[in-house]
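Colleague:
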Amino acid sequence: MASNELDELLNKSHKDLSVEDFEGKRVPCIGFEGRKFDDMLSKVSGKPLSVDTNLNILQDGLGHVFVEMLLTFSHGGINEKILVNANDNVEFFESLAETTMLAITSVDHPEKIFMIQLPKPERTTEALEIIKNGLSKNTQPEST
1 MASNELDELL NKSHKDLSVE DFEGKRVPCI GFEGRKFDDM LSKVSGKPLS
51 VDTNLNILQD GLGHVFVEML LTFSHGGINE KILVNANDNV EFFESLAETT
101 MLAITSVDHP EKIFMIQLPK PERTTEALEI IKNGLSKNTQ PEST
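Here the sequence shown stands for residues 1 to 144, where the numbers follow our numbering.
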């Protein structure tokens, strides 16, 4: 990855990510600005729903790993693309593989939570292995 490509990916990376404790389980959370979160919820509220989740892993062989998460909701015409810097969010993907749950939250109202059960748990385990393998190739010297 050229330096300008890396900078562009870093700038596009979603910043509102966390891992929260829900009933004793570590669940990865993606925070959205309040209006966007409310719009998403209003389109799917009260409907039977599935969310197809695809994880596209981008890596340069030098230890820089990004994951493009594509969330496609079965109702409401919602297609979200979230870019995650895996170098800074390994715990996010570890908990995703462990629980196969994903929470979408409002950054303005953290008590508002929408939980997604991922339909294909093997995808998250495979993705985590690829992420960790990519991160292990980090050739950057550690700063002291």
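From the three backbone atoms N, C-alpha and C, an ideal C-beta is built for every residue, glycine too.
Work out the CA separation of Val19 and Gly31 for me, nearest whole Å.
Modeller: Indexing the sequence shown from 1 puts residue 31 at position 31. Indexing the sequence shown from 1 puts residue 19 at position 19. Straight-line Cα distance between these residues: approximately 11 Å.
Colleague: Using three-state DSSP, classify Thr72 as helix, strand or coil.
Modeller: Within the sequence shown, the letter at position 72 stands for residue 72. Three-state DSSP puts Thr72 in a strand.
Colleague: Is it true that the CB of Gly134 sits closer than 7 Å to the CB of Val67?
Modeller: Taking the first residue of the sequence shown as 1, we reach residue 67 at position 67. Taking the first residue of the sequence shown as 1, we reach residue 134 at position 134. Going by C-beta atoms, Val67 is not nearer than 7 Å to Gly134.
Colleague: What are the residues that DSSP puts in a beta bridge with Asn56?
Modeller: Counting from one through the sequence shown, the residue named residue 56 turns up at place 56. Looking at the DSSP assignment, Asn56 forms a beta bridge with Glu68.
Colleague: Could you check which residue in Leu96, Gly76, Asp21 and Asp52 has the C-alpha nearest to that of Glu111?
Modeller: Taking the first residue of the sequence shown as position 1, residue 111 is located at position 111. Checking every option, the nearest Cα to that of Glu111 belongs to Asp21.
Colleague: Note down the Cα distance separating Lys25 from Ala97, rounded to an integer number of angstroms.
Modeller: For the purposes of this step, residue 25 is taken as the residue at position 25 of the sequence shown. For the purposes of this step, residue 97 is taken as the residue at position 97 of the sequence shown. Computed Cα separation, rounded: 12 Å.
Colleague: Give a yes or no on whether the minimum CB-CB distance between Thr72 and chain C is below 7 Å.
Modeller: Any reference to chain C falls outside this structure, which holds one protein chain only.
Colleague: So His150 packs on Lys43, CB below 8 Å; how close in whole Å?
Modeller: Since the first residue of the chain shown is 1 and the last is 144, residue 150 is not available in this structure.
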